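2 protein chains.
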Amino acid sequence: MRKVVFGGASSLDNFLAREDGAVDWLLWGDEVADIMNAFWPKVDCIVMGRKTYDVAMRDMPKPKGKKAKNPYGDVKTFVFSRTLTAGNRDGVEITADDPGEVVRDLKDQEGKDICIMGGGELARNLFEAGVIDEIGFNIHPVLLGSGIPLFHGMKCQIDLELIECRPFKNGCVYLSYAVKN
Amino acid sequence: MRKVVFGGASSLDNFLAREDGAVDWLLWGDEVADIMNAFWPKVDCIVMGRKTYDVAMRDMPKPKGKKAKNPYGDVKTFVFSRTLTAGNRDGVEITADDPGEVVRDLKDQEGKDICIMGGGELARNLFEAGVIDEIGFNIHPVLLGSGIPLFHGMKCQIDLELIECRPFKNGCVYLSYAVKN
Numbered sequence: 001m002r003k004v005v006f007g008g009a010s011s012l013d014n015f016l017a018r019e020d021g022a023v024d025w026l027l028w029g030d031e032v033a034d035i036m037n038a039f040w041p042k043v044d045c046i047v048m049g050r051k052t053y054d055v056a057m058r059d060m061p062k063p064k065g066k067k068a069k070n071p072y073g074d075v076k077t078f079v080f081s082r083t084l085t086a087g088n089r090d091g092v093e094i095t096a097d098d099p100g101e102v103v104r105d106l107k108d109q110e111g112k113d114i115c116i117m118g119g120g121e122l123a124r125n126l127f128e129a130g131v132i133d134e135i136g137f138n139i140h141p142v143l144l145g146s147g148i149p150l151f152h153g154m155k156c157q158i159d160l161e162l163i164e165c166r167p168f169k170n171g172c173v174y175l176s177y178a179v180k181n
Numbered sequence: 001m002r003k004v005v006f007g008g009a010s011s012l013d014n015f016l017a018r019e020d021g022a023v024d025w026l027l028w029g030d031e032v033a034d035i036m037n038a039f040w041p042k043v044d045c046i047v048m049g050r051k052t053y054d055v056a057m058r059d060m061p062k063p064k065g066k067k068a069k070n071p072y073g074d075v076k077t078f079v080f081s082r083t084l085t086a087g088n089r090d091g092v093e094i095t096a097d098d099p100g101e102v103v104r105d106l107k108d109q110e111g112k113d114i115c116i117m118g119g120g121e122l123a124r125n126l127f128e129a130g131v132i133d134e135i136g137f138n139i140h141p142v143l144l145g146s147g148i149p150l151f152h153g154m155k156c157q158i159d160l161e162l163i164e165c166r167p168f169k170n171g172c173v174y175l176s177y178a179v180k181n
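Residue numbers (this note's numbering), protein chains in the order written: chain A, 1 to 181; chain B, 1 to 181.
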């Protein structure tokens, strides 16, 4: 069965962005590029919350005179929203359905892995639904002090199994875990 | 100058204990014992907040008919509290003075390293005062979902430099950092 993966970068104090969404503190390098280059070919489906979608649409370069399109190109993309009108919008599937059920259905279909993009609110929902298989984070050597949390409060405990621990030259540490569902 | 060190164990989602203070999820092993055995001989002073002191006093084994004593034996111990009466109490120095100033004074004195015990509220105060030199955490392979936070919100960003990244056989990862003050 295809895997559902939640990954990204975080500060040591559990933030994925500053309060205004800024990620100016992110460090890049060959080592993180290697991980991204190995990750994306394994994925053919992205799920995200509406707030992450808004940021992706805002930050995407738009060719002059052309309409906004799915910022993730040909990768099948689902956006969970209780406020946007459901349906296909410029190549993106907007849905108000329960994220746990949608992702469980997707896992039963043929395909490559499914990536949870961005925010922790959708991830909380999917952790509680028991559909996340792997997580992987590039922990940055910084305490931001405030920001948008990576892991939100949850009703349940999630046990993990360490897959990989890889320190980078720039002081980041990449940790990946299997979720014991 | 003697170093001020903040260390302990945490869940991957930034909790040091469950909401009721329980740490039943902690994993032990030879590797963490090695780190503790190397750490304690370098320390001759402990600072903590009143809540951590209450837990230490409650959990300390008390010989029958004997009075409670400093749970940390001969190690010089300071407890910061705005509610307890200031002064020496059974070998522990209770103080309502500003933690940043007290710790800065302690750093100027001769001695071994100074350990910040337990809670994140005192640590936040000391991070903001710029007196913490090193942090070290044994990150456990679990998302607790709720609990007492390790890192609290702060008014400032704290930049770190990775000193060590050591994965354990039990799935924990020990990360230590120098604080760039």
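Ideal Cβ placement from N, Cα and C applies to all residues, glycine included. Predicted, not measured: the structure shown is a model, and the values here were computed from it.
*Would you call G87(B) buried or exposed, if buried means 16 or more other Cβ atoms sit within 10 Å of its Cβ?*
exposed
*asked:* V131(B) and G100(B) - do their beta-carbons sit closer together than 8 Å?
replied: yes
*asked:* Could you pull the DSSP bridge partners for F6(A) from this structure?
replied: I116(A) and I135(A)
*Are R50(A) and S81(A) closer than 8 Å when you measure CB to CB?*
yes
*Output yes or no for whether 8 Å exceeds the beta carbon distance between S11(A) and L122(A).*
no
*Since K228(A) meets chain B, which of its residues come closer than 7 Å, beta carbon to beta carbon?*
It is not possible to answer for residue 228(A), since the shown part of chain A is limited to 1 through 181.
*Within the 8 Å Cβ cut-off, does V142(B) reach chain A?*
yes
*Name the chain B residues that come within less than 9 Å of G136(A), Cβ to Cβ?*
Under the 9 Å cutoff, chain B gives no residues; its nearest Cβ is about 11 Å from G136(A).
*Which term fits P41(A), buried or exposed, when burial requires 16 or more other beta carbons within 10 angstroms of its beta carbon?*
exposed
*asked:* Is L84(A) close to chain B? Criterion is C-beta to C-beta, closer than 8 Å.
replied: no
_Any beta carbon of chain A sitting closer than 8 Å to that of D90(B)?_
no
*According to DSSP, which residues form a beta bridge with D159(A)?*
V142(B)
*asked:* Please tell me whether L12(B) has its Cβ less than 8 Å away from any Cβ of chain A.
replied: yes
*How big is the Cα-Cα spacing for C45(B) and C115(B)?*
6 Å
*Rounded straight-line distance, which links the Cα of C172(B) to that of G145(B)*: 18 Å
*For E19(A), decide whether its Cβ has a neighbour in chain B, counting only Cβ atoms nearer than 8 Å.*
no
*Separation of D108(A) from G7(B), as counted between CA atoms*: 44 Å
*Look up N88(A) in the DSSP assignment and say whether it is helix, strand or coil.*
strand
*Beta-carbon gap between H140(B) and W25(B) smaller than 8 Å*: yes
*Could you check the C-alpha separation between D20(A) and V55(A) for me, to the nearest Å?*
11 Å
*With 16 other CB atoms within 10 Å as the buried threshold, where does T52(B) fall?*
buried
*Compare the Cα-Cα distances from Q157(A) to each of G73(A), F127(A) and G91(A) and report the closest residue.*
F127(A)
*N138(B) and Y177(B): beta carbons closer than 8 Å?*
no
*By Cβ distance, which residues of its chain are closer than 8 Å to G120(A), with the 5 residues on each side in sequence left out?*
L16, I148, P149, L150, F151 and H152
*Give the C-beta separation of V179(A) and L160(A) to the nearest angstrom, bearing in mind that I take them to be a contact with Cβ-Cβ under 8 Å.*
6 Å
*For V173(B), go through chain A and note every residue whose CB falls closer than 8 Å to its CB, in chain order.*
L162, C165, V173 and L175
*What does a CB cutoff of less than 7 Å around N125(A) pick up in its chain, not counting 5 residues either side in sequence?*
P99 and G100
*Sorted by chain position, which residues of the same chain lie with C-beta nearer than 6 Å to A96(B)'s C-beta, five sequence neighbours on each side aside?*
R82 and A86
*Considering only C-alpha positions, which residue in the set A9(A), N37(A) and F39(A) is nearest to L27(A)?*
A9(A)
*Looking at the C-beta of F151(B), does it have a partner C-beta in chain A at a distance below 8 Å?*
yes
*To which residues of the same chain is E93(A) closer than 6 Å at the C-beta, ignoring the five residues directly before and after it?*
F78
*Just reading off the beta strand (DSSP E) that F168(A) is part of, what are its end residues?*
Element bounds for F168(A): n/a, residue is neither H nor E.
_By DSSP's criteria, Y177(B) is part of a beta bridge. Which residues make up the other side?_
I135(B) and L162(B)
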